[in-house]
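I have placed the structure first, in the form of C-alpha cells, so that the comments after it can refer back to it.
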Amino acid sequence: MISSSDLVRYQNEGRKLFERANIVITPEEAKRIEIADFGLGQTEQTGLIILVYVNTDRVCAKELVLLPGQTCPEHRHPTKGSVLGKEETFRCRWGEVYLYVPGEPVKSPKAKTPAGREKTYTVWHEIVLKPGQQYTLKPDTLHWFQGGPQGAVVSEFSTRSTDEADAFTDEEIQRITKVK
54 MISSSDLVRY QNEGRKLFER ANIVITPEEA KRIEIADFGL GQTEQTGLII LVYVNTDRVC
114 AKELVLLPGQ TCPEHRHPTK GSVLGKEETF RCRWGEVYLY VPGEPVKSPK AKTPAGREKT
174 YTVWHEIVLK PGQQYTLKPD TLHWFQGGPQ GAVVSEFSTR STDEADAFTD EEIQRITKVK
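Note that my numbering has the sequence shown beginning at 54, numbered continuously upward.
Structure representation (C-alpha cells):
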C-alpha cells in the first residue's frame, strides 16, 4: 500500500524520465500513470511505474519506468484455459535494463535482488538492454527485470495484458496497488 502523496511523487518521477527519454505524453495520460508497489511497501526497491496506452482483447502497448536499481519481481504470464499467456516485447528507450530469463546463469549479474527476497529470484540468464535494443518473451516465461544505475524507460508491446493474473514467485506479492 502506498500513500496518495507517494503516488503523486512516483508519477512525477515517471514523467521526468519520460521527458529524458523524449517520450511525449498528454496531460490526460500523465493522470493515468500507475504505480505498482507489489504490496511490499518498498517501492524504491520493488516497484514499477506504468503508463498503458492501449489494452484491447488482442494487443497492449505500455511505457514502463524503472528508477535506478528498482526491480519488477520475478513472474510469468500464465495460460488460462485456452487463452495463451501474454507474449511481450521489451524495447529499451532510455537508460539500461537488466532482464533475467531461464537459461545459462550469468556468473556476475549486474542486478542485485532486493534484500530479504533473494530466494524469490530463480532465473539468472542475463540480457542487458540499452536504448534501441529489444527482447521478446514467449507466453508463460519466468522473468524479472531491474533498472540500471540511471534507471530505465522501456516500451512494452504485447498481447492482451491481464496483470492481475500474473503468477509471482514471491507469494507475498500483490499485483494490484492499494492507495491509502
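Note that beta-carbon positions come from the ideal geometry of N, C-alpha and C, so glycine has one too.
Can you find the residues in the same chain that come closer than 6 Å, C-beta to C-beta, to residue i, ignoring five residues on each side of it along the sequence?
i: Asn108; result: Ser214
i: Thr212; result: Lys139, Glu140
Look at the alpha carbon of residue i and the alpha carbon of residue j, and state the distance between them as a whole number of angstroms.
i: Lys210; j: Cys145; result: The identity of residue 210 in the sequence shown is Phe, whereas the question assumes Lys. Looking at the two C-alpha atoms, the distance is approximately 11 Å.
i: Gly148; j: Arg73; result: 9 Å
i: Tyr174; j: Glu225; result: 13 Å
i: Thr231; j: Gly92; result: The question names Thr, yet the displayed sequence has Lys at residue 231. For Lys231 and Gly92, the distance between alpha carbons rounds to 8 Å.
i: Gln64; j: Leu137; result: 31 Å
i: Glu157; j: Ala114; result: 30 Å
i: Glu87; j: Val159; result: 32 Å
i: Val181; j: Met54; result: 30 Å
Less than 7 Å between the beta carbons of residue i and residue j, yes or no?
i: Pro202; j: Glu179; result: no
i: Trp197; j: Tyr153; result: yes
i: Ala89; j: Leu104; result: no
i: Leu120; j: Gly185; result: no
i: Asp193; j: Arg111; result: no
i: Lys233; j: Ser58; result: no
i: Glu140; j: Lys191; result: yes
i: Gly189; j: Thr132; result: According to the sequence shown, residue 189 is Thr rather than Gly. No, the Cβ-Cβ distance between Thr189 and Thr132 is not below 7 Å.
i: Thr222; j: Glu127; result: yes
i: Thr96; j: Gln199; result: no
Looking at the secondary structure, which residues open and close the beta strand (DSSP E) in which residue i lies?
i: Ala89; result: 87–89
i: Gly201; result: 196–211
i: Lys115; result: 113–119
In the DSSP assignment, find the alpha helix (DSSP H) that holds residue i and state where it starts and stops.
i: Gly67; result: 57–73
Excluding sequence positions up to five away, which residues of its chain have a Cβ less than 8 Å from the Cβ of residue i?
i: Ala168; result: Gln98
Tell me the DSSP bridge mates of residue i?
i: Gln98; result: BP columns for Gln98 are empty, so no partner.
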